[in-house]
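In the UniProt record's numbering, the protein residues as written are 1 to 197.
Now the structure itself:
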């Protein structure tokens with residue numbers, strides 16, 4: 001959702017919409033908690049050392065201005081956050097890295113890629129009609145972090161539309177999915193492996 005309308009999770013939780021996108025923080029482990037191995041260079045950094053990849057992101061941000069967007073609540077899917085099996089005391093809160101994921105609208109998409117944005121996202125109904133697989137992960141043994149009181153108060157896009165007196169933005173009717181279309185996945189040894197489909 002565009003920032004400034006009060007729909008985003010950020011806006012509903014903090015009372016203001018200033019960042020948008022997603023922010024991810026990764027904490028270093030405290031010394032001696034894990035084997036000392038140099039980190040592998042991730043493909044996402046394009047092989048640049050971290051400092052240089054930061055510069056690339058900053059240049060990108062300045063070059064393509066436009067309508068900023070954030071995440072809003074909505075949709076229905078099963079999701080979990082697994083409890084940290086190492087415990088919070090494992091991580092050094094003073095040493096961390098941060099990643100900003102920017103969400104762009106269709107105009108910015110075209111500016112960035114030079115291509116027209118798809119006319120609309122594929123709906124669950126269309127996806128199902130084409131026979132594409134849905135997935136169900138058996139992970140009951142992993143547990144689930146309890147929902148926070150703060151996030152439980154966040155209203156969905158549909159609820160916000162109703163509150164503001166707007167007509168619904170999309171068709172929220174249910175989709176029937178046959179059992180044959182659902183691929184069952186299981187976790188083995190804490191590794192998700194490719195399925196056969």
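Heads up, the beta-carbon is just placed ideally off N, CA and C, and yes, glycines get one too. Just so we're clear, the structure is a prediction, and the values are computed from it rather than from any experiment.
Check                                                                                                                   : Outcome
Helix, strand or coil at residue 95 [DSSP, three-state]                                                                 : strand
C-alpha gap between residue 18 and residue 72, whole angstroms                                                          : 14 Å
Rounded separation between residue 168 and residue 159 - CA only                                                        : 9 Å
Secondary structure of residue 86, DSSP reduced to three states                                                         : coil
Alpha-carbon spacing of residue 70 relative to residue 135, whole angstroms                                             : 26 Å
Proximity to residue 119 [Cα-Cα], best of 128, 130, 107, 75                                                             : 107
Rounded separation between residue 14 and residue 1 - CA only                                                           : 16 Å
Straight-line Cα distance separating residue 95 from residue 74                                                         : 34 Å
Simplified DSSP assignment, three categories, for residue 56                                                            : Legend: pLDDT at residue 56 = 45, less than 50; position of this residue unreliable, value from coordinates given subsequently. Note: residue 56 maps to helix in three-state DSSP.
Local Cβ density within 10 Å of residue 7, reported as buried at 16 or more and exposed below that                      : buried
Member of 123, 144, 147, 150 whose CA lies at the smallest distance from the CA of residue 171                          : 123
Residue 73 - partner residues in DSSP beta bridges                                                                      : 156
Buried or exposed (CB count within 10 angstroms, at least 16 for buried), residue 175                                   : exposed
Span separating the alpha-carbon of residue 173 from that of residue 76                                                 : 11 Å
Burial state of residue 97, where buried means 16 or more other Cβ atoms lie within 10 Å                                : exposed
Distance between residue 12 and residue 67 (C-alpha atoms, nearest Å)                                                   : 19 Å
Nonlocal neighbours in the same chain, by C-beta distance under 7 Å from residue 93, ignoring five residues either side : 27
With 16 other Cβ atoms within 10 Å as the buried cut-off, status of residue 151                                         : exposed
Continuous alpha helix (DSSP H) stretch holding residue 180: start and end                                              : Unbroken run through residue 180: none, as it is neither H nor E.
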